[in-house]
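Input: a single structure, listed below in structure tokens.
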Amino acid sequence: MRKGLIYIIAVFLMILASCKDFLEIKPLTKVGAEDLLATSAGVKTLMATLYNRWPMEDFVFHPNNGFNQHPGGGGNGDGGWSLSSNTDDAIIYGPNGYTTSPATQIVGNWDYTGIRYINRFLEIIDELKAKGQLSDNDYKQLLGEAYFLRSTIYYSMVKRYGGVPLIDKVQQLPNDVTEVMVPRATEKETWDFVISDLDKAIENLPVNRPSDGIYRVTKWVALAQKSRVALHAASTAKFWNKAPLTGAAVDAKLVGGMTAADANAYYLLCINASKEIMDNTAFKLYKPTPANKAEAAKNYQDMFEYATFDNPEIIYLKAYIDGTAASGQGHVTDFWFYPKQSVFHSLYMSSRWGTTLDAVDVYEDYTDDGTGASAPIKTRVDGNENYIIPNPKTLGTLPQDYIYYNNQYEPFQNKDARLTASVLLPGSMFKGSTLINMQGGMIKPDGSFIVYTDASAVGPDGVTYYSYGSPNASGYSAFGALGTAQANYSSTGFALRKYLQDSKNPTSLGMYGSTQPWVEFRLAEIYLNYAEAVAESGQGDAVLAAKCLNDIRKRAGHTDDIPLTVDNVLKERRVELIFENTRYWDLRRRRDFHTRFNATRRFSLIPIIDLRVNPPKYIFLRVHNYYDNAANGLTFTPRMYYLEIPGVSTNKLIQNPEY
Amino acid sequence: MEKRNVLWFFSNRFSGKLAVAALLLMAVFSSAFAFPDDASRKGVPGNEQQQTTVTGKIVDATTGEPMAGVNILVVGTTIGAISGADGSYTLQAVDRNGSLRFSFIGYVTQTVPVNGRSVVNVAMQPEVTGLEEVVVVGYGSQKKETLTGSVASVKTEQLVSTKSISVAAAIQGKIPGVQIRQQTGEPGTFNSRISVRGFGTPLLVIDGVVRDQMDDFERLNPEDIESISVLKDAAASIYGLGAANGVFIVTTKKGFAGKTEFSLNTMYSFKKPTNDWKTINVDAYTMRYMWNEMSRNSENSANVTAPSELEKWKAGTEPGYTDYNWWANLVRDYVTSSELTFNARGGNDVVTYFTSFGYNNDGGYFKNNELMQYDRYTFRNNVEAKLAKGLKMNISFYGRYENTLNPTRGTTWTFKRIITNDRGIGPYTLDGKHNYTMVPSENTNVFAELSREASGYNQTLRFQYQSTVDLNYEVPFVKGLSIGVLGAYDGQANDTRRLYKNFMLYDYLSGNPATTSVAPTTFQNTISTFRRMEVQTKMIYRRNFGPHNVAGTLVYQARKIDNNSVMGRRQYDDLYTKDIIDQGSLTNMRAEGTRSEEAYLSFLGRFNYDYKGKYLLEVSFREDGSYRYAPSQRWGFFPAVSAGWRIGQESFFKNTFAFISDMKLRASWGKSGQDAGSAFQYYEGYSWGGVSGGFIFAPGVLTLGMVPPGIVNSNLTWVNTTTYDAGFDLDMWRGKLGLVFDVFKRDVIGELATRSTQLPNTFGASFPQENLNSRWQQGFDFSISHRNTIGQFNYGLSGSFTYSRTWLKHYERNPNQSTWDVWKNGNDTYDDQGRILGRQWGYKRDGIYTDITQYETAPLCGGNQGNYMMLPGMDRIVDVNGDGVIDGNDQLPIMWSGYGTNPPMQFGLNMNASYKNFELIVSFAGSSLFTMSKSRTDQWGYGTQYRFFLARYLDRWHTENDTDNPRDPATKWIPGKWEALTVNANNTTTGLSTDKWRVDATYVRLKSVELAYNLPQKYSRMIGLNNVRVYLNGYNIFTICNDFLKDMDPERDEGAYAAGNTYPLMRSYNIGLNIKF
């Protein structure tokens, strides 16, 4: 019996002894920071989250819904929104015939969650370094990336809100929420903070793209960003008073409040950052000397369709993977923007944008005299291209005095190569086999005028003609079903060309199948930043700046030199960087938006076939865009230069003027 | 011979799986038989010298009358006898030094030594319920008379008289302080709300080990249960963390030394729903006629159905114009289910055993029953052996296997469709191809949804086992001390299969496809396993020192749990072959899996002291450690104190109140805890951010992102509760009247909430959950009982009553904006003002408007429509603030709330009576102080979005001619019970929340009635059986409640959208046979 007792006591003791760490269970669904950062794969997964917060206005940015709007993740199902359609470059439309307020960019910009992630990351890598778990090189790279990414978030905020609270440490949970309330910094302090983060990034980032991830940022990416940021800060400092605002935020210099001296200092930062890239790197313009216009157009198109780091002009790309295979990935660019005639989906997506006639008119042709002047499309016999028809549908009298063209392409044949590579023009060839038909109406032999309506008539040559140029809805790409749910046609007579993939068979792409990378930074922008900063401030090397400007034009097949003026630089920015989201921010940072848009209708160009002549010929009508008419034009008011600060009832921040 | 009988019985009586199960059982029995009996082990069979024949007579000690049917057993052998009608018995070959055990239900079992006598007469003492009982409490048992906590219990006999597949239903209304609400009658679904005193779901302990969830409790075989104790107050504190809502302790049956007793119980049931749905909606023509009327009343110009069409519907003969009664064609008149339990109990001085097998089958209520089936097999084997002197071992094993089959679309939706289907559309197309039609209102086809071939199936196979080994050793050199070790290993494996098929639907008339394409069939298989290990080491001391009785218990306990689940899913792109993952296509295949672990450590103790059994004191504590919290917050201390005074034992009291046989005053205080929130909230860990949270660093490779943690709360801890209880136990006239009364209060502190003050949006994170909210509950419960015997007529009555309410002490919320806000929103959902929970706001009615002209002066209720939509028969609403407009400001907290609660007042009445060989057991249960709402928008039967009409609304105000303009003051109206009907209730008082639509749901239900007949033993013995009991039993027989709820069932929740479409509760009539041999 004693034996039994001993056994029992032994068991008792064994259990007691084994219980020391009994309750120490690690959660199975979470990973601790020390485990995560112990391996480079772990570091990478954390960096992926931080890079994911980079507020990049790429293919998956939706001005109303925010960043990273991958299909399946939300927004882009609404289709084809981008900053370009908030400007005079493009018009988005769809079932509801919506145009958009140029200022609506609300979601995702106020990203203090991302700031917190990065601030915490900075703490962690310091701890790891102190413990000797990170090599100096790794530490420097991570440090540089973290500062770079933080600068992108603050840049995204300062350009939208003006000065914001600058939080560079992880805030601890307070007993009283007032302890963690940080007031807004002035706009200048905020710009300076962005630049100081960039300087830290430039100091620490590697010169070469890391072998374990070519899409990680380098010193040059940070310098390119600095060039862009400094130019933005400089022009804001110089021009903010063009759109005067009043109120507490203005008085405290939370918006605007910068001086000409500030502007010059920022211009110099831009000049220096741009120059450092030009001087110290192998980046150069892609195929700078084309043999002819056709080659120039092809080079320009290739730069976007086949964007890779092998291209010496490209400083930074963002890549995508096919979203049809991995839900929540890919982008929908081809799906939304292929012309109706190449439509590859039975539903309602195609030509989500029309490029405006305003933008088309800006391009030069090759017959100019070295002034670099724009060459508006010629439609009128009298040369009065200010002759605009507000609403062709209610046109009382028949159009007269229009130039007759033999085909839809004829008016565009001498235009800049970059136009053909950026915009689908009427009568142009797409994918080598589709003749893009943008016809929007006809004048019947009896003189009656039909526009925006499906009709047919027998021409003087005995052939049946159609008002849309085709009897089939799939045979034309513009003006169909305007204002209805089937309006999958350009409403301007032009469509997007720049990013479409000629090389892919669109029917096999699927909705989320586009993977062409987004070109975030390329040398041409740095050239133009430099040129603008020099032209605006008189600092820097004016000769080099003029060369930058003209090198870009020569790459587009121009042979003449134009002088360095601000207007020339801005026009060149608009055509070279079209649809790369520069136009929108150029209008904003230079405070040109509110004068440009004041109940302003953008223009469409309608090719009309005139059956009164034999053989029938085309005339081209300049009209106010159908959707802009419906919306009474676009208006940008001065307060829109700064968005409404969210959550002022709890964060107690000073609100921006007029909200 | 006896063994052969059993085999014969099984092989002839039952076929198929039952026979197999029976054979399995036999295998187990034979192992039980293999234990050597005491006599053979000692090797002294048939020593004539020591043996004698014993006779005697057995009488009732109180009446002196002879007792028939008393079981007499020679202790330690299988020799036994049963007393005859004159109370006499004869036993041969009894050991002179042996003892006899006399037992009879309702009487105290006695063991009498033979001492060489040849005549042993015995007077049996009736068992006085209550005070002399032994009650199982946490980590031990105590005599009820010296119990200081509030512990209620039921015994097996009280349990099995209610026949339901759920044990919860069997105890409903039988235990004071326990609230039970059954939510569905769906076969295989066990989700009754079980609550002790309104606290919430209690902890379940089976045979000394914390086990499972309350749905596992419901699935137990009631025949296996010896007793259920409910610890309602500080008595529960000994279970510490997890015991805040009280504890259910289930003790299963054990063996006894004596001849093996076999018991077989078979039952067959016929079931119907408790609610009346059959005539709920009207035929296709009437529905269309009413549609037109509603449309007219709503000022819609056109008839929904043109008069010429209406004529065709009225005739109902032309194809496409006939009425199809969905209910009659889809639903059975009754359902059957069956139950079989078999057990054997017995043993000898060394080994005793109880072994049982149970089988239940429950069928679905639909005519095509291939998708509604529930089968349950349970098995339990408890064996106790004396291994050596003072050393006892108890081994128990429990196994359960369940197979549940359900339709893929869910029965709530099925019932909704059966009721709301357009009766003018049949299930199959009229083009002769017999395709499934698309049927409004739900635009699907319920026939297809109930067809395994067309829509697939959901199947769950659950296997659960629980095993326990318990060693107890009475330490020989310390009197009163025993020590023990208990090990438990439990497991569960679930296999869930879901074959989801989609099907084409066609237009009823044309036969054209009504759906364009069919999504691919998918098959999903989930396997989840669960393991639990527990070890307890215990030390028990119990001793008397003169008048001082002391007892102590110390337990050290460790528990570990792990869960694992794997899911795979594939679709069938082209051809559906078999429901096996490998048979599916490779597109869109999915695999998922989860795993979790838990660990708990506890140290606990209890000390009892009483002086002469009069002054009672109990102190207990528990130190609990849980893996869930930060190391600094991990350990909790849960003390409890209770005391009692058996004032009835004091001589001054006895002398003054002679009729009071006993009285005890009790009071208790204790702390316990409840787990709060998910585990590891203290841990600052990274987790995967999902597919859209990554970044591409290298071409073609998406690096998924690990997301940094939000704010962690390392101070997070469990919810702390403190329980107070005071009560008394009273016994008068020696058991004729008993009363147990308790008042209680419970404080709950530290329920989780997120701070209502927001962090500025520059902080980048939000507040974590914290232990912020608090509430208290209080109420009382009592039971009152009466027992008496008049000649051969025995009867007993007992009633139980529970009332428990909740107040919120602190509810984290935004500050009140105004005194109006305090008044309006400080109520019901949260409350800073200490007001009671469970009231609902609504409008007050005071009659109806009978004439359209009355609306000219009536308060406006229709928003921007004024009173334009109002018609005769509609409710007059009291304009409380007198502003001439009926709006939200006129609401008052005038109704009890309903949905989602266990009613605060519950009661039950149980009666049993026996006369000679007949027994009658009746049990009522009911609830009050709650309401049920009838949805007016989703399924009230009028409104053109649903193409059916509820028959009850036919008795309505309507115009004399169906061409009259309802808004012409000259139009004559025929009054009815219901207001004039409109397509929707917008802009009328009908649309407002009043007690017309949220009605008092107080009910009393005749829960069960059992009438049994025990075959006299002289006959039963003739067929080799000891006892034969035949019974008729009814369950959920009738309900007294508001008439309006008759089609809902007040016990069941309203269900989704308050539409009352949950699977109905069942009324069953059962016929059963119980034999013992």
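The listed protein sequences derive, respectively, from chains A and B. Sequential numbering from 63 applies to the first sequence in this note's numbering. Sequential numbering from 13 applies to the second sequence in this note's numbering. No residue lacks a Cβ here, since even glycine has one placed at the ideal position from N, Cα and C. Keep in mind it's a predicted model, so treat the numbers as computed, not measured.
- Contact check for B/Asp891 and B/Pro871: beta-carbon distance about 4 Å, within the 8 Å limit, so the pair qualifies.
- When the beta-carbon positions are compared, B/Ile864 and B/Thr1001 stay at least 9 Å from each other.
- Cβ-Cβ separation between A/Leu486 and A/Ile498: approximately 6 Å, consistent with a contact (criterion under 8 Å).
- Taking 9 Å as the cut-off, the beta carbon of B/Ala1068 is found no closer than this to the beta carbon of B/Val1016.
- Contact between B/Phe919 and B/Phe813 holds: their C-beta atoms lie close to 5 Å from each other, under 8 Å.
- Listed along chain A, the residues sitting closer than 8 Å to B/Ile708 by beta-carbon distance are Tyr277, Lys380, Ala381, Tyr382, Ile383.
- B/Leu613 and B/Val567 have their C-alpha atoms some 11 Å from each other.
- Taking 9 Å as the cut-off, the Cβ atoms of B/Ser281 and B/Thr263 do not count as close.
- In the three-state reduction of the DSSP assignment, A/Met340 falls in the helix class, which pools H, G and I.
- DSSP places A/Arg615 within a helical segment (H, G or I) once states are collapsed to three.
- Judged by DSSP in its simplified three-state form, B/Leu473 adopts strand.
- Contact with chain B is absent for A/Tyr217, since none of that chain's Cβ atoms lies less than 9 Å from the residue's Cβ.
- Neighbourhood of A/Tyr179 in chain B, by CB distance below 7 Å: Pro720, in chain order.
- For the segment 676-699 of chain B, the residues whose beta carbon sits under 8 Å from a beta carbon of chain A are, in order, Ala691, Phe692, Tyr695, Glu696, Gly697, Tyr698, Ser699.
- The beta-bridge partner set that DSSP reports for A/His393 consists of A/Ser576.
- Under DSSP, A/Ala437 forms no beta bridge with any residue.
- At the C-beta level, A/Ile671 and A/Thr418 stay beyond 9 Å of one another.
- In this structure, the beta-carbon distance from B/Ala505 to B/Arg474 falls below 9 Å.
- Taking C-alpha positions only, B/Lys284 is separated from B/Phe1050 by approximately 12 Å.
- Closer than 9 Å to the CB of A/Gly319 there is not a single CB belonging to chain B.
- Scanning chain A for C-beta atoms nearer than 8 Å to the C-beta of B/Asn773 yields Trp172, Tyr174, Pro708, Gly709, Thr712, Asn713, reported in chain order.
- By the Cβ neighbour-count rule, B/Asn977 is exposed, with fewer than 16 other Cβ atoms within 10 Å of its own.
- Under the three-state reduction of DSSP output, B/Asn373 falls in the strand class.
- In the three-state reduction of the DSSP assignment, B/His446 falls in the coil class.
- Residues of chain A with a Cβ closer than 8 Å to the Cβ of B/Leu1018 do not exist, since the nearest Cβ in that chain sits about 50 Å away.
- A contact between stretches requires three or more CB pairs, one per stretch, nearer than 8 Å, and the segment 321-333 of chain B fails this requirement with the segment 186-204 of chain B.
- Below the 7 Å Cβ cutoff, chain B contributes Pro772 as neighbours of A/Met243, in chain order.
- Runs of beta strand (DSSP E) with 3 or more residues, each lying fully within the segment 260-347 of chain B, are found at 270-285, listed in chain order.
- Taking a 10 Å sphere around the C-beta of A/Gln548, we find fewer than 16 other C-beta atoms and assign the residue as exposed.
- At a C-beta separation below 7 Å, A/Pro117 has no neighbours in chain B, since its nearest C-beta there lies roughly 13 Å away.
- Between the beta-carbon of B/Leu216 and that of B/Gln225 there is about 7 Å, and that keeps the pair under the 8 Å contact cut.
- Under DSSP, B/Thr565 takes part in a beta bridge, and its partners are B/Ile552, B/Arg618.
- Just so you know, the alpha carbons of B/Gln770 and A/Gly392 end up roughly 36 Å apart.
- Around the CB of B/His560, fewer than 16 other CB atoms lie within 10 Å, so the residue is classed as exposed.
- Judged by DSSP secondary structure, A/Asp648 falls within the alpha helix (DSSP H) whose first and last residues are 644-651.
- If you look at B/Lys398, you'll find it isn't in any alpha helix (DSSP H); it sits in the beta strand (DSSP E) that goes 385-400.
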